[in-house]
Structures are given as structure tokens and as C-alpha cells.
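Protein chains in written order, with the working numbering: chain A, 18 to 160; chain B, 181 to 613.
Backbone N, C-alpha and C define an ideal beta-carbon position, used for all residues, glycine too.
Data block below; observations after.
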Amino acid sequence: MQVEQISVFLENKSGRLSEVTGILAETGINIRALALADTSDFGVLRLIVDDNEKAVSALKNNGFTVGKTDVVAVEVADRPGGLHEILEMLKKNDINVEYMYAYVRNSGQNAIMIFRFDNVPAAIDLLSSQGFTIIGGSRLYTM
Amino acid sequence: MIYNMEYETMPREALEAIQLRRLQTTVERVYANVEFYRGKFQQARISPADIRSLDDLKRLPFTTKQDLRDNYPFGMFAVPMDHVVRIHASSGTTGQPTVVGYTARDIQTWAGLMARSLMAGGATRGDIIHNAYGYGLFTGGLGVHYGAEMLGASVIPVSGGNTRRQVMIMKDFGPTIITATPSYTLHLAEVCEEMGVSFKDLKFRHGIFGAEPWSETMRAEIERKLNLVAVDIYGLSEVMGPGVAIECKEAKKGLHIFEDHFIPEIIDPDTLEPLPYGEVGELVFTTVTKEAFPVIRYRTRDICSLNPEPCICGRTHVRMSRVTGRSDDMLIIRGVNVFPSQIESVLMDTQGVTPHYQLIVDREGPLDVLTVRVEVSEKMFSDEVKRLQAVEKTISKSIKELLGVSAKVKLVEPKGITRSEGKAVRVVDNRKL
């Protein structure tokens with residue numbers, strides 16, 4: 018049920034982000050969602066793309082340090098309080114969200130959020146049992 | 181003023197006669213008492229009886245820091261332990277520091293040399309000496325201390341750190357001489373300024389600074405800010421500690437090496453051949469009076485030249501130029517010796533791999549700042565920023581624990597570190613010395 022996300026280490030230097038997007042463009046890879054976390058020295062770019070293997074090898078060949086992590090894509094009701102409900106529920110059940118970001122496309126009436134949990138299986142169990150829709154990798158990449 | 185007029189101004193010929201006699205005795209003693217030297221001499225097919233002139237010194241094998249490490253801790257001592265009254269160790273080495281020992285007579289000799297040094301720098305028995313060199317395993321603090329007492333001056337054993345209290349002591353006790361590392365001295369000057377204390381109102385006349393490389397520019401700055409006359413002092417624990425060589429306040433041009441106790445040579449670090457006076461090369465010392473820890477042709481790795489010209493101060497002992505560099509990659513950061521290989525082993529220990537790394541040294545204000553740039557490998561990479569920051573913190577903490585020096589650790593992209601001809605540039609020293 019989880020989705021594979023790739024992450025790329027970037028130094029805080031001008032032009033580094035465009036270098037990554039350039040490599041992905043040349044390789045014909047579509048970016049479906051992304052989030053950038055940064056400190057004063059470095060940043061970590063997290064990406065959901067339509068072809069992980071190709072993206073990882075293209076970035077590695079260009080000298081980037083690349084990692085893969087499992088994240089969870091969840092449908093969130095696209096109305097006031099939609100995200101709050103899910104976060105409250107996670108909090109009550111002691112599931113920690115390391116970070117999250119929005120997916121670019123809607124699924125019907127719902128938005129899609131990408132969650133990075135410290136405990137992925139427990140989070141998936143909980144979300145499923147509470148009736149949330151989790152979107153698996155194969156579906157998400159091609160949405 | 182000259183502390184030991186007879187020896188410090190001795191004509192060359194008489195000095196060399198004393199050197200030869202003392203060298204012969206030292207060579208005999210290390211051959212008889214130190215297995216390491218006996219083995220090395222036998223390998224080189226030389227026996228103590230072959231040392232007939234000072235020129236024969238160059239037939240003896242060199243001793244390196246690695247030799248001292250291999251004989252850790254007491255293997256190089258030339259006397260039984262019950263004759264050893266003091267033990268010091270070199271700063272900032274992982275695993276095996278180099279350990280040196282002193283007999284009661286060595287301590288006397290050293291104190292005498294430090295008394296000479298303090299006086300060459302302007303101190304007399306009427307002075308109050310603010311000794312801000314660190315006391316402990318490091319030779320700086322105790323070296324100056326015993327010399328100051330032998331001179332008859334009043335010594336304040338303030339040691340390093342607790343700078344605001346030092347300022348208070350300087351104000352209230354009225355010391356007239358300061359002994360410290362140049363970088364700490366400039367830090368002290370800054371704190372003084374912050375506290376609204378002017379050096380013009382303090383009583384300092386002279387300062388004796390060393391234990392790390394510094395420059396004429398820094399001398400000018402220290403003399404201006406502290407309102408005193410500054411001289412350079414040189415020494416290393418393997419040879420004695422501070423007091424191996426001192427600049428005289430009269431000339432302030434090169435450091436007199438106390439040649440009645442240490443025979444200096446300059447060698448080409450590649451061919452190992454001795455070089456004539458005036459040429460720049462690696463400084464090598466043979467001690468000729470030390471009992472517990474004599475060294476034969478010890479390679480200091482410090483780069484400088486020797487000047488035999490007579491000096492206006494009256495001392496006849498040869499002068500070494502300021503140390504301009506190292507023949508290895510050792511860095512001195514805030515008085516602590518740091519080798520890139522030590523950082524490498526910290527990375528190995530904390531990360532399980534040795535990633536590419538680079539040491540950058542800057543001088544921010546008066547203090548040295550070490551930055552360690554580490555290329556992020558897949559093994560240490562994480563999608564979570566806090567984990568990457570934890571990696572930086574762990575490395576930084578280990579460096580502090582093992583080397584005793586604070587370092588900023590910065591993760592960089594692979595290939596983020598400059599390589600020249602395929603070889604990584606390990607050290608970038610931006611300090612303008």
C-alpha cells in the first residue's frame with residue numbers, strides 16, 4: 018500500500034534544483050509531487066515520480082546522493098477540517114508524522130496528501146481501519 | 181638582559197666543543213639504554229665510538245613521530261622509571277599521544293632554559309607573569325611556570341580559559357608580562373574591550389607568545405592592541421617543551437636556539453640531506469643534555485631556515501626563522517595538533533566508511549575555526565533533515581572528544597570537494613599568517 022519516494026541531497030547553492038529537474042526532464046521523467054526541506058547548509062528534495070528506477074539511476078549517474086523511502090498517499094476530504102480530522106486521529110493513536118506534502122492532482126472530491134510516518138505499517142493499518150482511502154504506488158504514479 | 185651570560189654568548193668554537201662532548205655522552209647513553217636506538221644504530225652500522233666530530237652527527241639515523249608512537253608509552257625513555265619525576269604528552273592525537281618524561285635534572289635544565297627565554301623576552305625577577313598557557317599534559321603551562329620561578333619572577337598560574345576572570349586578574353594584580361598563545365591573546369584583547377578595560381591602563385610591558393604559528397602582521401596587531409613588546413617562543417614536547425628557541429626583544433628577528441642543549445639541522449625533507457645555513461628545509465633536533473627522553477635527529481616536520489649571523493643582543497646561538505609551514509599535513513588549530521588522518525578515523529568510526537572529506541581552516545577574528553566538509557554517501561543519507569543534522573552532530577562530537585578541538589561539520593554533495601589531478605584536496609588553510 019505504501020508508495021516509494023525518492024530523495025536527493027542538495028547543497029544550498031544556486032542552480033542545484035534546476036540541475037535535478039534538468040536531468041529528470043532529459044530522462045523523460047514526470048514529477049508528480051515534490052517537497053523541499055532545507056537548512057542553512059543543505060536541502061533534501063523529496064520526489065514522487067512516474068518511474069523511480071529510471072530517475073534514481075539518472076540522478077546517481079550525475080553524481081547525486083539518492084535515497085528511497087516508503088511514504089503513504091492518503092485521500093483527504095477537500096473541505097475545511099479535512100486534513101485536521103486525519104491528523105487528530107493519528108495523534109490520538111500515537112502515530113508520528115515526520116513530514117507531509119500535497120500531491121498535485123485531486124481524486125474526485127478529495128485531495129491527496131503524502132505522509133512520511135516513522136512507523137509505516139502501523140499507520141497503514143490505522144488509516145485503513147478508520148476508513149481512509151490509501152492510494153498504492155502503481156495507481157498513484159499513473160494518476 | 182641575558183640570564184646565562186657564559187653559555188648564551190659563548191664563542192662558536194667553545195660552544196661546538198661542548199656540543200661534541202655532550203653529543204658523545206648522549207649517543208653512548210641511548211645506545212646503552214634504549215633498545216630502539218641501539219637497533220637503529222646497529223642497522224646503520226654505526227657505534228657510539230664513530231662519533232668523533234659534530235660532522236659525524238649526519239651519519240646517525242633519524243627519529244620520527246611514528247617511532248615515538250611505536251614505542252608508546254615509555255619505550256623511548258633512557259632512564260628507569262624511578263628516575264622519572266614528570267610525564268607530559270603531546271596534544272590532540274587519537275589513540276596514541278607521544279609521551280615524554282623528565283628526570284629531576286631535566287626539569288632543572290628546562291626551567292633554566294625557560295628562565296633564559298623569559299629574560300630574552302623582557303622579563304626580570306621583579307616582574308609579575310600572567311601565564312595563560314594551559315597547565316596539564318601540555319608542556320606550555322608548567323614549562324613557563326618553572327622558568328618564571330627560577331628567574332625569581334612572580335608567576336600567576338592562570339592557565340587557559342575563563343577569560344573574564346583573567347581580565348579581572350590583569351586589572352587587579354597588575355601583571356607586567358603575559359605568556360600565551362597568540363590567538364588566545366587576541367581573544368583576551370577582545371574580551372577586555374567588551375568589558376571596557378583598556379590595555380593602556382594595564383601594566384603589561386612584554387609578551388612571550390608561541391605554541392602555534394603566527395605572523396609579523398599578528399605581532400603588529402598584538403603589540404598595538406596590548407601596548408607591549410611581543411616575541412616569539414618555540415618548542416615542542418618531544419624535544420623539551422617551550423624554551424627550545426626564543427626571539428630576543430632587541431632584534432625580534434629570528435629565534436635563538438639554545439645550542440648548548442639542542443643541535444639543530446635543516447634537511448631536505450625529500451632527500452633527507454642536510455642543507456647549509458640560510459636554506460629552507462625541515463628542522464631536525466638532537467638533544468644533548470636530556471636524561472629521561474633524549475632524541476637523536478628528531479624530525480620536527482617544521483619548515484624554516486637557520487641564520488648564524490651575530491645578533492645585536494650579544495647571543496651567539498644560531499637563529500631559526502619563523503616556522504613557515506610543515507613537511508607533513510599537520511594543522512595546528514588553537515594550539516592543538518590535528519592530522520587529517522585523525523579526522524579520517526573519526527569518520528570511519530562514526531559512519532563505518534571513509535567518505536571524501538576536506539578540512540577548511542579559517543581565522544574568524546582572533547580564533548581558528550575548523551570546518552570539516554564531508555561528502556554525503558548513500559549510507560549516511562536520509563530523507564529526514566533531522567537525521568542528517570544528527571550525522572553532523574555525531575561527527576563533530578567525536579572530533580571534539582578525540583582530538584580536543586571544536587569543528588563545524590558540513591555535509592556536501594558527492595564531488596563537492598575539489599580534486600586536483602584526481603586526488604582530493606584534504607586541507608584548505610585560509611588563515612593569513
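* For the alpha helix (DSSP H) containing Val37 of chain A, list its first residue and its last residue. => In the first sequence, the residue the question calls residue 37 of chain A occupies position 20. Looking at the DSSP string, the run of the alpha helix (DSSP H) that includes Val37 of chain A is Arg33 to Glu43.
* Please name the residue or residues paired with Gly60 of chain A in a DSSP beta bridge. => Working through the first sequence from its first residue, we reach residue 60 of chain A at position 43. A:Leu27 and A:Asp55.
* Same chain, Cβ closer than 8 angstroms to Thr159 of chain A, five either side skipped, listed in chain order -> As a first step, residue 159 of chain A must be located in the first sequence, where it is residue number 142. Annotation for Thr159 of chain A: Asp67 place their beta carbon closer than 8 angstroms to its own, counting only its chain and skipping 5 residues before and after.
* Asked: Hey, out of A:Asn69, A:Glu102 and A:Leu107, whose CA is closest to Arg49 of chain A's CA?
  -> What you label residue 49 of chain A is simply residue 32 of the first sequence in a count that begins at 1. Residue nearest to Arg49 of chain A within the set A:Asn69, A:Glu102 and A:Leu107 is A:Asn69 (criterion: CA-CA distance).
* Go to Thr551 of chain B, then tell me how far its beta strand (DSSP E) extends in each direction, as first and last residue. => Within the second sequence, residue 551 of chain B is the residue found at index 371, counting from 1. Counting along the chain, the beta strand (DSSP E) containing Thr551 of chain B begins and ends at Leu547 to Glu555.
* Helix, strand or coil for Phe389 of chain B per DSSP? -> Numbered from its first residue, the second sequence carries residue 389 of chain B at position 209. In the structure shown, Phe389 of chain B adopts extended strand secondary structure according to DSSP, grouped into three states.
* Should Gly316 of chain B be listed as close to the ligand PLP, given that the test is whether its C-beta is under 7 angstroms from any heavy atom? -> The ligand PLP is absent from the structure shown, which contains no ligands of any kind.
* Asked: What residues from the stretch 94 to 123 of chain A come within 9 angstroms of chain B, judged by C-beta to C-beta, listed N to C?
  -> For the stretch 94 to 123 of chain A, the set of positions with a beta-carbon nearer than 9 angstroms to some beta-carbon of chain B reads Glu115 and Tyr116 in chain order.
* Asked: Does the beta carbon of Ser74 of chain A sit closer than 8 angstroms to a beta carbon anywhere in chain B?
  -> Counting from one through the first sequence, the residue named residue 74 of chain A turns up at place 57. Contact with chain B is absent for Ser74 of chain A, since none of that chain's Cβ atoms lies less than 8 angstroms from the residue's Cβ.
* Length at least 3, wholly inside the stretch 371 to 420 of chain B: the beta strand (DSSP E) runs in chain order -> Runs found: 386 to 390 and 409 to 416.
* Asked: Where Met190 of chain B and Ile402 of chain B are concerned, what is the direct C-alpha to C-alpha distance, given to the nearest angstrom?
  -> Working through the second sequence from its first residue, we reach residue 190 of chain B at position 10. Working through the second sequence from its first residue, we reach residue 402 of chain B at position 222. About 33 angstroms.
* Asked: Quick one, which of B:Leu568, B:Ser586 and B:Arg567 has its alpha-carbon nearest Ser576 of chain B's?
  -> Counting from one through the second sequence, the residue named residue 576 of chain B turns up at place 396. Closest by alpha carbon: B:Ser586.
* Span separating the alpha-carbon of Asp58 of chain A from that of Leu591 of chain B -> Against the first sequence, residue 58 of chain A aligns to sequence position 41. Against the second sequence, residue 591 of chain B aligns to sequence position 411. So the two alpha carbons sit approximately 8 angstroms from each other.
* Would you kindly check if the distance between the Cβ of Thr467 of chain B and the Cβ of Thr206 of chain B is under 8 angstroms? => Position 26 of the second sequence, counting from 1, holds the residue named residue 206 of chain B. Position 287 of the second sequence, counting from 1, holds the residue named residue 467 of chain B. In this structure, Thr467 of chain B lies closer than 8 angstroms to Thr206 of chain B by Cβ.
* In DSSP terms, what Cys484 of chain B is bridged to -> Start at 1 with the first residue of the second sequence, and residue 484 of chain B comes out as number 304. DSSP, once it has assigned bridges, lists B:Gly461 as partnering Cys484 of chain B.
* Asked: What residues match up with Ser334 of chain B in a beta bridge as DSSP calls it?
  -> Position 154 of the second sequence, counted from the first residue, corresponds to residue 334 of chain B. BP columns for Ser334 of chain B point to B:Ile308.
* Asked: What's the call for Leu53 of chain A, buried or exposed, on a 16-neighbour Cβ count within 10 Å?
  -> Along the first sequence, one-based indexing puts residue 53 of chain A at 36. By the C-beta density criterion, Leu53 of chain A is exposed, having fewer than 16 other C-beta atoms within 10 angstroms.
* To do: Kindly indicate the opening and closing residues of the alpha helix (DSSP H) around Gly588 of chain B.
  => Within the second sequence, the letter at position 408 stands for residue 588 of chain B. A small correction: the amino acid at residue 588 of chain B is Lys; Gly does not occupy that position in the sequence shown. Careful: Lys588 of chain B lies outside any alpha helix (DSSP H), inside the beta strand (DSSP E) at Ala587 to Val592.
* Asked: Taking the alpha carbon of Tyr364 of chain B as the point to measure from, which residue in B:Phe379, B:Ser339 and B:Lys383 has its own alpha carbon closest?
  -> Here residue 364 of chain B refers to the residue found at position 184 of the second sequence. Looking at the Cα atoms, B:Ser339 is the closest of the given residues.
* To do: Tell me whether Ile360 of chain B is buried or exposed, calling it buried when 16 or more other Cβ atoms sit within 10 Å of its Cβ.
  => Reading the second sequence from its first residue, position 180 is the one you call residue 360 of chain B. With the sequence shown as reference, residue 360 of chain B is identified as Ala, and Ile is not the correct amino acid for it. By the neighbour-count criterion, in which 16 or more other beta carbons inside 10 Å mark a residue as buried, Ala360 of chain B falls on the buried side.
* Leu27 of chain A: contacting residues in chain B (beta-carbon distance under 8 angstroms) -> Taking the first sequence and counting its residues from 1, the one referred to as residue 27 of chain A is at position 10. Chain-order list of chain B residues neighbouring Leu27 of chain A: Glu593, by C-beta distance under 8 angstroms.
* Asked: Could you give the distance in angstroms between the alpha-carbon of Asn78 of chain A and the alpha-carbon of Gly387 of chain B?
  -> Taking the first residue of the first sequence as position 1, residue 78 of chain A is located at position 61. Taking the first residue of the second sequence as position 1, residue 387 of chain B is located at position 207. Distance from the CA atom of Asn78 of chain A to the CA atom of Gly387 of chain B, rounded to whole angstroms, is 58 angstroms.
* **Host beta strand (DSSP E) of Asp542 of chain B (start-end)** => In the second sequence, residue 542 of chain B corresponds to position 362, counting from 1. Where Asp542 of chain B is concerned, the enclosing beta strand (DSSP E) starts and stops at Tyr537 to Glu544.
* Evaluate Ala291 of chain B with the Cβ neighbour count: other Cβ atoms within 10 Å of its Cβ, from every protein chain shown; 16 or more gives buried, anything less gives exposed. => As a working mapping, residue 291 of chain B is identified with position 111 in the second sequence. Under a 10 Å Cβ-count criterion, Ala291 of chain B is classified as buried, with 16 or more other Cβ atoms of the shown protein chains found around its own Cβ.
* To do: Look at the alpha carbon of Met348 of chain B and the alpha carbon of Met375 of chain B, and state the distance between them as a whole number of angstroms.
  => Your numbering for residue 348 of chain B matches position 168 in the second sequence. Your numbering for residue 375 of chain B matches position 195 in the second sequence. Going from the Cα of Met348 of chain B to the Cα of Met375 of chain B covers about 10 angstroms.
* What separation, rounded to the nearest whole angstrom, lies between the Cα atoms of Lys85 of chain A and Ile23 of chain A? -> Here residue 85 of chain A corresponds to residue number 68 of the first sequence, with the count starting at 1. Here residue 23 of chain A corresponds to residue number 6 of the first sequence, with the count starting at 1. The straight-line gap from Cα to Cα measures roughly 5 angstroms.
* What are the start and end residues of the beta strand (DSSP E) that includes Gly281 of chain B? -> The sequence position of residue 281 of chain B within the second sequence is 101, counting from 1. It spans Val279 to Thr283 - the beta strand (DSSP E) in which Gly281 of chain B sits, taken as one unbroken run.
* Considering only the beta carbon of each residue, do Tyr414 of chain B and Thr243 of chain B sit closer than 8 angstroms? -> The sequence position of residue 414 of chain B within the second sequence is 234, counting from 1. The sequence position of residue 243 of chain B within the second sequence is 63, counting from 1. Not in contact: Tyr414 of chain B and Thr243 of chain B (Cβ atoms no closer than 8 angstroms).
* For the beta strand (DSSP E) holding Pro444 of chain B, just list the boundary residues, first then last. => Mapped onto the second sequence, residue 444 of chain B falls at position 264. Pro444 of chain B -> beta strand (DSSP E) spans Phe442 to Ile447.
* Asked: Measuring CB to CB, does Glu555 of chain B end up less than 8 angstroms from Glu593 of chain B?
  -> Numbered from its first residue, the second sequence carries residue 555 of chain B at position 375. Numbered from its first residue, the second sequence carries residue 593 of chain B at position 413. Against a cut-off of 8 angstroms, the Cβ pair of Glu593 of chain B and Glu555 of chain B comes out as a contact.
* To do: Have a look at B:Ser334, B:Phe519 and B:Lys470 and flag the residue whose alpha-carbon is nearest the alpha-carbon of Ala284 of chain B.
  => Your numbering for residue 284 of chain B matches position 104 in the second sequence. Taking each of B:Ser334, B:Phe519 and B:Lys470 in turn and checking the Cα distance to Ala284 of chain B, the smallest one comes out for B:Lys470.
* To do: Establish whether the CB of Ala544 of chain B and some CB of chain A are separated by less than 8 angstroms.
  => Within the second sequence, numbered from 1, the residue matching residue 544 of chain B stands at position 364. Just to set this straight, residue 544 of chain B is Glu in the shown sequence, not Ala. Glu544 of chain B does not count as touching chain A.
* **Given Ile141 of chain A as reference, the closest of A:Ser35, A:Leu107 and A:Gln126 once Cα atoms are compared** => Here residue 141 of chain A refers to the residue found at position 124 of the first sequence. With distances taken between Cα atoms, Ile141 of chain A lies closest to A:Leu107.
* Whole-Å CB distance - Met294 of chain B paired with Pro474 of chain B, under 8 angstroms assumed -> The residue labelled residue 294 of chain B in the question sits at position 114 within the second sequence. The residue labelled residue 474 of chain B in the question sits at position 294 within the second sequence. Contact doesn't hold; Cβ gap of about 19 angstroms is too wide.
* Cutoff 8 angstroms: Gly154 of chain A Cβ touching any chain B Cβ -> Position 137 of the first sequence, counted from the start, is the residue given in the question as residue 154 of chain A. Interface with chain B (8 angstroms Cβ-Cβ cutoff): Gly154 of chain A is excluded.
* Can you tell me which of B:Met299, B:Leu240 and B:Gly314 puts its alpha carbon nearest to the alpha carbon of Asp307 of chain B? => Within the second sequence, residue 307 of chain B is the residue found at index 127, counting from 1. Asp307 of chain B has its Cα closest to that of B:Met299, out of B:Met299, B:Leu240 and B:Gly314.
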